[in-house]
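Take 1 as the starting number for the sequence shown in full-length UniProt numbering and just add one per residue. C-beta atoms are modelled at their ideal positions from N, C-alpha and C, and glycine is treated no differently. The model shown is predicted, which means the values in this text are computed figures rather than measured ones. To start, the structure itself, in structure tokens.
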Amino acid sequence: MAYNLLKGKRGIIFGALDENSIAWKTAERVHEEGGTFVLTNAPIAMRMGQIKELAAKTNSEIIPADATSEEDLQNLVSQSMEILGGKLDFVLHSIGMSVNVRKGRAYTDEKYDFTTKGWDVSALSFHKVMQTLFKADAMNEWGSIVALTYMAAQRTFPDYNDMADNKAYLESVARSFGYFFGKEKKVRVNTISQSPTPTTAGQGVKGFGGFINYAEKMSPLGNASAADCADYTISLFSDLTRKVTMQNLFHDGGFSNTGVSQEVIDEFSE
Ligand SMILES: NC(=O)c1ccc[n+]([C@@H]2O[C@H](COP(=O)([O-])OP(=O)(O)OC[C@H]3O[C@@H](n4cnc5c(N)ncnc54)[C@H](O)[C@@H]3O)[C@@H](O)[C@H]2O)c1
């Protein structure tokens, strides 16, 4: 159901790779709610992904940008304002990648240039995006910036590897930049801590199948899907959440506050 919650609002959506992506689902929902946006992804993802299909469906333009490149980000922000006809109201950072995970390196055997690259893409890029927006004065007052994170920032999930550290950094950047964006521009900054979700990035984590089933059984409401996450993100982009900022918001069917569920007890009972 659509409520016209984002009518007249403009933004940038990072990270739609294919129809499973959280950013893809969010772009579809923003479009349904009347928002307009520019889609962006790393130049390499343009070749692999199906982003053109999404752009056609949502009447959006695509501007390639590597989120680690300040030059690409400056170009993205200035071009987006031109295309959309003014300053921005929302930005979604839905980006994650660990080279150590990709190359099968254990947390106890990190290759540090892989670690640095993964941190730049997954965590520092959020600072770079916000610094670019801030310096260009590209956000309208009461705008909203959201990034996606995972609970491994607070609790250990061994196979999440160095992404856990990247997410902890990302969440900290949301709080730190949220202060300045709030004070100086009345813009809110939050992270959504999402359930395990079957996407390209999610499935890259070792043992994902067992893990997503475990999370499903542990969560009183079941796992939140990518579509559920899109709905939640819409609420954070809307005018209904104007005083929510500097928060890490768990969107996980209750997983994060559940000690154990009956299903998991049953699994271990004789
Ligand atoms: N899937 C899950 O289980 C899960 C759970 C919690 C949080 N998240 C987070 O959600 C976000 C979106 O991931 P997803 O699950 O939709 O997977 P996805 O693979 O569909 O999206 C990840 C995106 O990051 C983009 N990206 C990688 N390097 C980039 C760069 N240098 N510049 C710009 N973009 C780049 C990829 O091209 C891709 O579009 C990530 O931050 C991820 O960590 C995912």
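Query                                                                                                              : Result
CB-CB length for residue 33 against residue 234, believed under 8 Å                                                : 6 Å
Under the three-state DSSP convention, the category residue 235 falls into                                         : helix
Strand pairing of residue 147, partner residues [DSSP]                                                             : 93 and 191
Residue ranges of each alpha helix (DSSP H) within the segment 43-105, 4 or longer                                 : 43-48, 51-57, 70-84 and 99-102
Cα-Cα separation between residue 63 and residue 262, rounded to whole angstroms                                    : 48 Å
Residue 77 and residue 133 closer than 8 Å at C-beta                                                               : yes
Any non-hydrogen atom of ligand 1 closer than 7 Å to residue 30 Cβ                                                 : no
C-beta contact flag for residue 246 and residue 178 at 8 Å                                                         : yes
C-beta atoms of residue 88 and residue 122 nearer than 8 Å                                                         : no
Validate contact between the segment 46-56 and the segment 111-131 using beta carbons, cut 8 Å, 3 pairs            : no
Segment contact flag, the segment 100-116 with the segment 34-46, C-beta cutoff 8 Å, min 3 pairs                   : no
Limits of the unbroken alpha helix (DSSP H) element including residue 208                                          : 208-218
Outcome for residue 242 when other beta-carbon atoms lying within 10 angstroms are tallied against a minimum of 16 : exposed
Coarse secondary structure for residue 126, derived from DSSP in three states                                      : helix
Cross-strand partners of residue 241 (DSSP beta bridge)                                                            : DSSP lists no partner for residue 241.
Residue 145: CB within 7 Å of a non-hydrogen atom of ligand 1                                                      : no
Length of the line joining the Cα atoms of residue 204 and residue 174                                             : 25 Å
Buried or exposed by the 16-neighbour rule on C-beta atoms within 10 Å, applied to residue 248                     : buried
8 Å Cβ cutoff met for residue 192 and residue 251                                                                  : yes
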